[in-house]
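In the working numbering, the protein residues as written are 2 to 442. For each residue, glycine too, the CB sits at the ideal point set by N, CA and C. What you are looking at is a predicted structure, and each value in this text was computed from that prediction instead of being measured. Below is one structure, written out as structure tokens; comments come after it.
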Ligand code: GUN
Ligand code: ZN
């Protein structure tokens with residue numbers, strides 16, 4: 002059985018820093034030894050050379066912070082080609098850029114090519130788990146899971162369901178969408194580390210019949226996830242009101258179809274009110290905060306501190322939402338999340354930021370018993386962040402006195418260059434310096 006260890010400063014969250022004092026939420030060790038056996042963490046302790054078993058291979062990172070691999074709770078792998086598409090808000094952006102880009106995934110070879118690039122970009126950014134939208138084409142899901150299985154990454158993904166208000170070639174029907182999703186669940190859900198999400202794109206592109214079929218399918222498979230979009234943009238919300246006049250709210254459309262509950266993740270929720278947050282709390286539904294996307298598409302400012310209110314906290318993670326979002330880096334996403342919080346008159350701390358990107362994301366996806374922290378029993382998905390990654394990072398981090406300062410500076414000026422190495426189930430799958438042959442993968 003393979004045993005190895007990683008040594009360096011390490012952070013992990015033992016509680017939620019939105020709900021308890023920062024000191025009570027963070028476990029920090031200046032010089033830790035994380036021991037990994039058969040893909041899982043077996044111990045995290047202060048490094049002690051006297052107790053190191055003879056012959057144990059140790060990857061030592063002296064100027065780094067080791068943390069759980071990042072969790073991206075909302076992203077579209079087929080949209081890498083439209084990152085940074087100029088000049089539109091959500092609904093026009095979908096028609097003009099996104100739908101044409103997603104058409105290309107009818108081609109299996111193209112799907113495989115983009116899945117390959119996407120997985121490598123995620124790992125380069127230190128992200129080891131994501132909740133991923135594919136396209137309406139089952140072959141896009143097949144390509145994604147096949148690539149994820151190659152890396153043994155714990156991924157959630159699903160075929161987009163969309164039976165109206167989308168171009169020919171991107172539409173399914175309630176029946177075909179149900180049958181294709183069911184076949185993909187049977188083939189992929191729980192195979193190795195792969196997990197399936199029933200994926201209605203958003204209420205405007207699914208008929209009542211399709212939303213009901215999605216709810217039925219989700220209920221038939223306990224353990225399967227559900228992902229969709231909600232309350233992102235004012236025009237989108239007005240459209241939903243016009244399409245579903247009998248429903249109390251946008252969230253009520255999904256609730257009515259049986260699409261709320263544990264393992265449901267709703268992206269954006271920018272224009273939520275108190276009733277919406279309460280319903281999410283009550284049903285155990287989770288939210289994906291997607292700040293780079295919300296700023297880029299001019300959608301609005303998500304209120305993370307409202308979502309996390311102590312009387313009725315809503316499980317919340319961080320989403321890059323590429324290609325509405327502008328970066329696959331969780332650090333860059335946190336950089337924008339802080340600015341969004343500041344515009345709301347609040348202040349996201351470094352601890353809260355790193356919590357969202359790790360344990361918070363895992364909790365939102367109901368995977369906290371498997372990933373998101375460095376503790377015995379967890380799957381060994383790990384990111385190593387280099388405190389000397391660039392001259393600016395080295396200079397700025399040298400001035401940071403506390404771990405709080407360091408984390409906050411890292412999430413402000415850090416990006417994928419900071420990621421020194423990424424481990425998946427204990428295997429180093431990415432090394433910024435290469436593996437000795439110049440190859441990073
Ligand atoms: N709402 C429906 N589809 C999408 C999408 O692809 N991206 C974003 N940001 N919002 C959506
Ligand atoms: Zn999205």
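Legend entry - Every unbroken alpha helix (DSSP H) within the segment 266–313, with a cutoff of 4 residues, ordered by chain: You should have 275–284, 292–297, 305–308.
Legend entry - Sequence-distant residues of the same chain with beta carbon closer than 7 Å to residue 401, five excluded per side: The residues are 407, 410.
Legend entry - Near ligand 4: residue 88 beta-carbon under 8 Å from a heavy atom: No copy of ligand 4 occurs in the structure displayed; its ligands are ligand 1 and ligand 2 alone.
Inset, instruction - Return yes when the C-beta of residue 134 is under 8 Å from any heavy atom of ligand 2, and no when it is not. - result: Checking the Cβ of residue 134 against ligand 2 gives yes.
Legend entry - For residue 113 and residue 140, the rounded distance between their alpha carbons: Here the alpha carbon of residue 140 sits roughly 9 Å from the alpha carbon of residue 113.
Legend entry - Start-to-end residues for the beta strand (DSSP E) that takes in residue 84: Residue 84 -> no beta strand (DSSP E), and no H or E assigned at all.
Inset, instruction - Quickly, what does DSSP pair residue 71 with across the bridge? List them, please. - result: 128
Legend entry - Residues bridged to residue 228 [DSSP beta-bridge criterion]: 266
Inset, instruction - Evaluate the contact criterion for the segment 64–71 versus the segment 367–375: three or more CB pairs, one atom per stretch, below 8 Å. - result: Touching, yes.
Legend entry - The beta strand (DSSP E) enclosing residue 429, as first and last residue numbers: 428–432
Legend entry - ligand 2 heavy atom lying under 8 Å from the CB of residue 325: yes
Inset, instruction - Consider the C-beta atom of residue 294 and the heavy atoms of ligand 1; say whether any pair is separated by less than 8 Å. - result: yes
Inset, instruction - Evaluate contact between the segment 340–355 and the segment 134–149, counting only Cβ atoms and requiring at least three cross-stretch pairs below 8 Å. - result: no
Legend entry - residue 22 versus 405, 425, 433, residue with shortest Cα-Cα distance: Measuring from the Cα of residue 22, the nearest candidate turns out to be 405.
Legend entry - residue 376, DSSP secondary structure in three states: coil
Legend entry - Separation of residue 155 from residue 195, as counted between CA atoms: 6 Å
Inset, instruction - Please determine, among 314, 368, 159, the residue with the shortest C-alpha to C-alpha distance to residue 144. - result: Out of 314, 368, 159, 159 has the C-alpha closest to the C-alpha of residue 144.
Legend entry - Same chain, Cβ closer than 6 Å to residue 302, neighbours up to 5 away in sequence not counted: 341, 344, 345
Legend entry - residue 14 versus residue 58: straight-line alpha-carbon distance, rounded: 26 Å
Inset, instruction - Starting from residue 14, trace the beta strand (DSSP E) both ways and give me its first and last residue. - result: Per DSSP, residue 14 belongs to the beta strand (DSSP E) from 4–14.
Inset, instruction - Could you tell me which uninterrupted beta strand (DSSP E) segments, each at least 3 residues in length, are contained entirely in the segment 315–363, listed from first to last along the chain? - result: 317–319
Inset, instruction - Could you give the DSSP three-state label for residue 140: helix, strand or coil? - result: Three-state DSSP puts residue 140 in a helix.
Legend entry - Exposure label - residue 286; buried when at least 16 CB within 10 Å: buried
Inset, instruction - Could you tell me if the beta carbon of residue 331 falls within a distance shorter than 8 Å of some heavy atom in ligand 1? - result: no
Inset, instruction - Using beta-carbon positions only, say whether residue 268 and residue 305 come within less than 9 Å of one another. - result: no
Inset, instruction - Could you tell me if the beta carbon of residue 230 falls within a distance shorter than 8 Å of some heavy atom in ligand 1? - result: yes
Inset, instruction - Could you name each continuous alpha helix (DSSP H) segment of 4 residues or more that falls completely within the segment 140–200, going from the start of the chain to the end? - result: Considered as a whole, the segment 140–200 harbours 175–189 as its complete alpha helix (DSSP H) runs of no fewer than 4 residues, in chain order.
Legend entry - Short Cβ contact (9 Å threshold) for residue 189 with residue 142: yes
Inset, instruction - Within its chain, find whatever has a CB closer than 7 Å to the CB of residue 351; leave out the 5 residues flanking it on each side and keep chain order. - result: 405, 408, 409, 412
Legend entry - Own chain, CB closer than 7 Å to residue 85, minus 5 neighbours either side, in chain order: 327
Legend entry - Distance between residue 55 and residue 292 (C-alpha atoms, nearest Å): Their backbone Cα atoms lie some 47 Å apart in a straight line.
Legend entry - C-alpha gap between residue 41 and residue 171, whole angstroms: 40 Å
Inset, instruction - Whole angstroms is fine: what's the gap from residue 204's alpha carbon to residue 27's? - result: Those two C-alpha atoms are separated by around 39 Å.
Legend entry - Beta carbon of residue 164 nearer than 9 Å to that of residue 210: yes
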